[in-house]
Every structure is written in structure tokens, then in C-alpha cells.
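Peer 1: Below you will find the structure I want to go over with you.
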Amino acid sequence: MTNPAQSNYHVHISAKHQLLKLNLKEVWRYRDLIYLFTKRNFVVSYKQTILGPAWIFLTPLFSSIVQAFVFGGIAGIATDGVPMLLFYLCSNAVWGFFSNCLTSNANTFTDNAYVFGKVYFPRLTTPISNMCSALIRFGIQMLLVLAFLLYFLIRGQVSPHWAAWLVIPLELAHLGILGMGCGIVVSSLTTKYRDLIVLVDFGVSAWMYLTPVVYPLSTLGEGWMKTALMINPVTMPVELMRYAILGKGTFHPGFYCLSWAITLVIAFVGIVIFNKVERTFMDTV
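In terms of my numbering, the sequence shown has 105 at position 120, counting the first letter as 1, and numbering is strictly consecutive.
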């Protein structure tokens, strides 16, 4: 006997597809698949490794020690009075979340072609799961940041703005949407132009130095260079996150609104290209 609840549920797959249609209700219906993809991404990343998930702590810790030695010790770049190791740990955690959202989604179509070509499901679940995996890594890295924050807080060397911690979820969404948008744009283009993926690692590295990650924005003083960096859509979220967590950071409402505007434009363009490529990418991958 047919269950009435089951008879009311069906999936209609059509060749006609609107470029701006997100099918969010369908994505929500496949939330279990997002969970499975997120779990797969996390497990596969550290499978057959000696230290496993411990690398989530060790990688930013080693990077922060090297950066503190090179940029703080040798180059003498100030960190707004924040202890150098804590400054770089916090900056690397925030930047790492954004860069992971971008790079993990830059191969969405090519890495999942074997799945996309066999079974139907909302393709948007894949980039969302990649963003969720990056969010889990960020959360784990923040445990390390909080441990050092507590240590320096006891010593009176740092004064976080606790009320500003309320904006952290908003800024994580900000960076996640921006990183995912950039990633799916690159992924859509690499279905035809594979050599573009070679530029991703270089582009992300260059982008990091054009963002106040290894230096605070306040060290630049006033001038065109500071203005140019503030146009960078990642600058304001990074500075705002440091302002909340470390108590030091530069915030400009106008450039913050500009950052959101650029983020929404990139997300819009990414969705349009993603929906267009989704229909034909199996012919070119």
C-alpha cells in the first residue's frame, strides 16, 4: 500500500534551468548529504597520516612561529601591541577559513565529476559541505587561539572587545560566502580551462599578502596604499575579527559596506556561472 506522504514527494528533473534558481528547499531536503560530504571531506583530509587531525593545530602553530620570527623578529613589523604569536595565530585562523573555502571549492566539478555523472542531487550541496568542513577546521584552530588568549589575558597583555564577539558569526558567514563564491567561479571556469587551477595557489598566496594577515592595517599609516588594501573585500572582516578577539583592529563603515557589496556581487556571479556550467560540464570534464 502506498504511503500518502511518499506519494506527495517527487523530484522533477528538467532540461530547463533558471540561472538564478538556488533550489534552497531542495538543498535543505538533502541536508543529510551535506553532513555526509562534510564528514567525508574531513576524514579523507587526514586519512593515512601519522598525526591525523593534530595537523589542524600544528600547521598554524608552525606557520605562526615562522611568521613571528621573520616578520616580527627580522622585519620588525609591529603587531599593535598584541603578543606576536597570538596575533599570527588569530590571523592565520581567520585567513585559513577563507582560503580553505576558496581552494576546496575551486575543484568542485573536476573532483566530483565521477559522482555528478552517476546520480542526481543538488550540486550546491558540494560547495556548502566544503564551507562546513572549513568551518570545522576554523573552530578547532580557535581552541588553540583561545588557549593562548587566556594565557596572555591572565598576564594582562591583551584586552579583547567581548561585546564585539557577537559579530564573529556574521563575519564567518561573510568570509564563507566570499570564499565559496570565488571558489565556484574558479571551479566553473576550470571545467574548460584546466590550467587556471595552477594559478589558484599562487593567487591565494598573493591575496594573503594583499590582506593585513601578517601585519596590521595600522602600520601602513594614511595614503593610497592603505586605501587600496581597504578595498580588498577580505581586509575589513579580518580586521574586525582581530578587533573582537584581540582588542586591536581598524574598522571603517564605508569600506565594510563595500566589502559586503563585493561579496554579494561575487556570490551572484558565482551562482549564475555555477548554474550554467552545471548543465553541460560533463561534456567538457
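Ideal Cβ placement from N, Cα and C applies to all residues, glycine included.
1. Mapping DSSP to helix, strand and coil, what is Asp96?
2. Just verifying my parser: in three-state terms, what is the DSSP assignment at Phe106?
3. Which class does Phe236 belong to by DSSP, given the choice of helix, strand or coil?
4. When DSSP labels each residue in this structure, what does Glu207 get in the three-state scheme?
5. Kindly examine the ligand FAD and report whether one of its heavy atoms sits closer than 8 Å to the Cβ of Asp65.
6. From this set, Pro145, Phe240 and Gly206, which residue's C-alpha is nearest Met226's C-alpha?
7. Am I right that Thr196 and Trp80 are in contact with their C-beta atoms under 8 Å? What's the rounded C-beta distance?
8. Answer yes or no: do Thr93 and Ser172 have a C-beta to C-beta separation smaller than 9 Å?
9. With distance defined between alpha-carbon atoms, name the residue in Gly232, Val223, Val185 and Leu18 nearest to Val104.
10. Does the beta-carbon of Lys233 have 16 or more other beta-carbons within 10 angstroms, so that it is buried, or is it exposed?
11. So the candidates are Ala158, Arg25 and Pro201; which of them puts its Cα closest to the Cα of Phe123?
12. Per DSSP, what kind of secondary structure is Ala148 in: helix, strand or coil?
13. Since Gly161 and Leu205 should fall inside the 8 Å C-beta cutoff, what is the C-beta to C-beta distance between them, to a whole number of angstroms?
14. Give a yes or no on contact between the stretch 129 to 149 and the stretch 68 to 82, applying the rule of three or more CB pairs nearer than 8 Å.
15. In the DSSP assignment, find the unbroken alpha helix (DSSP H) run with Asp17 in it and report its ends.
16. Classify Pro(-11) as buried or exposed, calling it buried when 16 or more other Cβ atoms lie within 10 Å of its own Cβ.
17. Kindly indicate the opening and closing residues of the alpha helix (DSSP H) around Asp186.
18. Do you know how far the Cα of Ser190 is from the Cα of Leu174?
19. Just the Cα atoms here: how many angstroms apart are Arg16 and Arg179?
20. May I ask you to report which of helix, strand or coil DSSP gives Lys177?
Peer 2: From the atom records:
1. Asp96: helix per DSSP, three-state reduction.
2. It is coil, neither helix nor strand.
3. The answer is coil: DSSP assigns Phe236 none of H, G, I, E or B.
4. Here Glu207 sits in coil by DSSP.
5. Looking at this structure, you won't find the ligand FAD or any other ligand, since it has none at all.
6. Checked all of Pro145, Phe240 and Gly206; the closest Cα to Met226 is Pro145.
7. Cβ-Cβ separation between Thr196 and Trp80: approximately 7 Å, consistent with a contact (criterion under 8 Å).
8. Yes. Within cutoff.
9. Nearest option by C-alpha distance: Leu18.
10. Here Lys233 is buried, its C-beta having at least 16 other C-beta atoms within 10 Å.
11. Per the Cα distances, Ala158.
12. Reduced to three states, the DSSP call for Ala148 is helix.
13. Between Gly161 and Leu205 the beta-carbon gap is near 27 Å, outside 8 Å, which marks them as no contact.
14. Counting Cβ pairs under 8 Å, three or more are found: they touch.
15. The continuous alpha helix (DSSP H) containing Asp17 extends over residues Arg16 to Ser30.
16. Because Pro(-11) carries a pLDDT of 49, less than 50, the predicted location of this residue cannot be relied on, and no value is offered for it.
17. Membership of Asp186 in the alpha helix (DSSP H) is indicated by the continuous run Leu181 to Tyr194.
18. The alpha-carbon atoms of Leu174 and Ser190 are separated by roughly 20 Å.
19. A straight line joining the alpha-carbon of Arg16 with that of Arg179 spans about 30 Å.
20. Lys177 falls in the coil class under three-state DSSP.
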